[in-house]
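Residue numbers (UniProt numbering), protein chains in the order written: chain A, 1 to 323; chain B, 1 to 501.
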């Protein structure tokens, strides 16, 4: 009996002192929360990356989908989780940079509640139109918009989505207007674009590249810094004469604020190793994602830039989405 | 000729030992989760997604597809035996199927569902093989205006689902529409009626409502009067359909197949309407519509064929255009992306082995299901005689697990319990939940499409009449509404005249 007490006391002592020397991390499976349904971009990013990370961490990584409220439901839960490295989040530009400027009450603050780890991947948006749409390049498109104010329909994957805000940014930079038509996700928006029910849209390159190749959609420009190797003929927005519309959709990894330093560095190493490995890179390239794998400092700086940029867009465009 | 050589390629692929095995595993798993209340193909496929990474793409998709249509088969079993529709499509199966079961004809109802589904699956697979690309282009003709009119037609048709009071049916539809409004408004991004619960910011899940109102409501209701079920178990007769039955179900199966195949092609939620539409059609063409809701075999044969046909043809927009028509298809697209295949029009030309192998495997899978399910019927029927105190706790547990697996959220389980209580009240008030569920599904879709159509037309409401497909459907809805209301109005007038005389 006494031995048992001693033993449990010892065990308790170990348990209490464990966080101070987390050399054994990870000692149990790690949960990665994806605040969107399985099969989406965040989910793909999480699954491809964590599959590789398991090798270096030596523990299974479980991807858990907690969809709801534009990702803020799952992100809010992660923000409140224990900062022990066993709960991580893989979220999108929406979760980190757009929700905070769009919603007044959010269950998390990405700049305060998270230890930002890395931006994993990014993909440029592209301006695509139905093949029968009259404009064939950005110059004609801007002229067409100016001649037909509030006429051209811009399909988006939802009110407050990155493609909605890209359209708003484009209107602001070119002094044009259009009709925003939100859908429930990118797929139905692309469907109506192909069917000719909507005119144009800013979509993630990966989601429409096959439709462009098949001639079902017309590519006017990419919102990237340089041309895309898959579509070398498509100009960047800058080349087409529109400044300041470089937009990427990105996916990033974070943990609840306050990770022990050694856990954080172990996670950073494992993430960088996985993202830079040739097979993971190849998998992402195949689906139009570009591996970023920056440091936590770079991520934090980048996030501040993104937040202030979208804040301006939202305020200028008087975009609201709140209860 | 090209089709034949393509089919041969598909046959070669689908008939390899491993692909056959994965197909078998898929349909077995699908049947199992379909039978278990609350566990749906979406949650299962999401859980199995990581497992498929290690498989070749064809095998992975064959297995995932098997889970999907296997679940359609299995879902009807629970709907018929215990009045628990796990999928929107089996809500109508429960209407007459459960009544058949109560009359001791559970075996017959299950066999009807299996045979009807197999026939529909075969026809839809052929359709998929021969006409996939042109059909997909046709589906693209459906814009917001067309979808809105289709939903109106569906909503009018849902009145026909009720076999009791028309007033109750209208009330339940409106209640369903209102429940459907809960969640985030697509156009403004504003959340409505969520009372500050972020858990319902995306709306209430269909499965939560169906499990609560049907499943839990039924259990609570049955606990009040135990006698009915003992009768049910004792009077089990005739497991297989007789020649007479087969004759009776031939036409409904055929009509259901045609309707289901057509609606399944529409990516904007057509497949969801398939079984509802088939039920309405059967009741309308029947010479004895009063038998519906009381165990009419046509009421099982038509919708079951339609839902399986729709499940198969909903692969058309996914495979030929890369457009998902429901959450399961979205997951399949996710699986393809993980395998490094970019879904879209090029899949057919660049991945012929995958495309044709999957199509042929669907037919083989349907055959597996028939062979698997017919002998199992005897076993399923015996399940009814399991005593209450074993069966009901088990159902409750499975419902809770299934509902939890939707979003990994306990909130949904509590919500289901609340709907269970509501379901019990509805039973006491003689209000049928089926029209409510249809209103719940159609309401938000109708609103979404209406507002989108108006946005695109810049506020011009004539789009609904100036576009031919949309106008046709609105006219059909009007005719249907008149035919539903006319007898009631006439009866009222006759009563009035009698009073005067």
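All residues carry an ideal CB built from backbone N, CA and C; glycine is no exception.
Identity of the residues DSSP links to residue i by a beta bridge
i	result
residue 91/A	252/A
residue 201/A	128/A and 155/A
residue 184/A	Note: residue 184/A sits in no beta bridge, so no partner.
residue 168/A	Looking at the DSSP assignment, residue 168/A forms no beta bridge with any residue, so it has no partner.
residue 192/B	183/B
residue 218/A	129/A
residue 122/A	250/A and 290/A
residue 33/A	64/A and 89/A
residue 115/A	255/A
residue 228/A	231/A
residue 236/A	222/A
residue 179/A	153/A
Beta-carbon proximity list for residue i, same chain, < 8 angstroms, skipping 5 on both sides
i	result
residue 153/B	473, 474, 476, 477 and 480
residue 150/A	177, 178 and 179
residue 398/B	36, 37, 38 and 39
residue 23/B	14, 62, 63, 66, 361, 364, 365 and 368
residue 194/A	130, 211, 216 and 217
residue 331/A	Only positions 1 to 323 of chain A appear in the structure, and residue 331/A is not among them; the question remains open.
residue 175/B	436 and 439
Where residue i meets chain B, residues with beta-carbon distance less than 9 angstroms
i	result
residue 128/A	Those do not exist, as residue 128/A stays about 13 angstroms from chain B at its closest Cβ, beyond 9 angstroms.
residue 72/A	198 and 201
Where residue i meets chain A, residues with beta-carbon distance less than 7 angstroms
i	result
residue 337/B	44 and 287
residue 433/B	Here the premise fails: no neighbours, minimum Cβ distance about 25 angstroms.
residue 407/B	66, 67 and 68
residue 452/B	181
residue 587/B	A query on residue 587/B cannot be resolved here, the shown segment of chain B reaching from 1 to 501 and no further.
Environment of residue i [buried if 16+ CB atoms lie within 10 Å]
i	result
residue 192/A	buried
residue 371/B	exposed
residue 279/A	exposed
residue 424/B	buried
residue 131/A	exposed
residue 94/A	buried
residue 89/B	buried
residue 319/B	buried
residue 52/A	buried
residue 109/A	exposed
residue 354/B	buried
residue 465/B	exposed
residue 124/A	buried
residue 414/B	exposed
residue 379/B	exposed
residue 87/B	buried
residue 381/B	buried
Contacting residues, own chain, Cβ-Cβ under 7 angstroms from residue i (five flanking each side not counted)
i	result
residue 264/A	115
residue 164/B	430 and 432
residue 231/B	Because the pLDDT at residue 231/B is just 49, under 50, the model does not fix this residue reliably, and the point stays unresolved.
residue 374/B	111 and 114
Beta-carbon neighbours of residue i, restricted to chain B and to distances below 7 angstroms
i	result
residue 35/A	Neighbours of residue 35/A on chain B: none; closest Cβ ~11 angstroms, over 7 angstroms.
residue 198/A	456
Within chain A, partners of residue i - CB distance below 9 angstroms
i	result
residue 330/B	37, 38, 39, 40, 185 and 187
residue 333/B	39 and 187
Within chain A, partners of residue i - CB distance below 8 angstroms
i	result
residue 53/B	47 and 51
residue 60/B	Result: empty, since nearest Cβ-Cβ is about 13 angstroms, beyond 8 angstroms.
residue 186/B	158, 159, 182, 183 and 184
residue 263/B	Here the premise fails: no neighbours, minimum Cβ distance about 16 angstroms.
Contact test: residue i Cβ vs the ligand ADP heavy atom, cutoff 7 angstroms
i	result
residue 321/B	Within the structure as shown, the ligand ADP is missing, as the structure has no ligands at all.
Contacts of residue i in chain B (Cβ-Cβ under 8 angstroms)
i	result
residue 153/A	455 and 456
residue 144/A	By Cβ distance, chain B contributes nothing, its closest Cβ being about 16 angstroms from residue 144/A, past 8 angstroms.
Same chain only: Cβ atoms within 6 angstroms of residue i, ignoring 5 sequence neighbours per side
i	result
residue 295/B	96, 99, 100 and 103
residue 420/B	212, 216 and 217
Q. Is the region 56-69 of chain B touching the region 282-302 of chain B in the sense that three or more CB pairs, one from each, lie closer than 8 angstroms?
A. no
Q.
Any contact between the region 4-12 of chain B and the region 181-199 of chain A? By contact I mean 3 or more CB pairs, one from each, below 8 angstroms.
A. no
Q | Stretch pair the region 331-340 of chain B + the region 302-315 of chain A: three plus CB contacts closer than 8 angstroms | A | no
Q: Answer yes if the region 70-79 of chain A comes into contact with the region 276-295 of chain A, meaning at least three C-beta pairs across the two stretches below 8 angstroms, and no otherwise.
A: Short answer: they don't touch.
Q) Per the contact definition of three or more C-beta pairs closer than 8 angstroms, is the region 122-142 of chain B in contact with the region 391-399 of chain B? A) no
Q. Between the region 297-312 of chain B and the region 273-281 of chain B, do three or more beta carbon pairs fall short of 8 angstroms?
A. yes
Q: Count the C-beta pairs between the region 400-409 of chain B and the region 142-150 of chain B that are closer than 8 angstroms, then say yes if the count reaches three, no if not.
A: no
Q) On the three-pair Cβ rule with 8 angstroms, is the region 437-452 of chain B touching the region 166-182 of chain B? A) yes
(Q) With a threshold of 8 angstroms, are at least 3 pairs of Cβ atoms found where one atom belongs to the region 131-141 of chain A and the other to the region 232-243 of chain A? (A) With a cut-off of 8 angstroms, the region 232-243 of chain A and the region 131-141 of chain A count as touching, because enough Cβ pairs lie within range.
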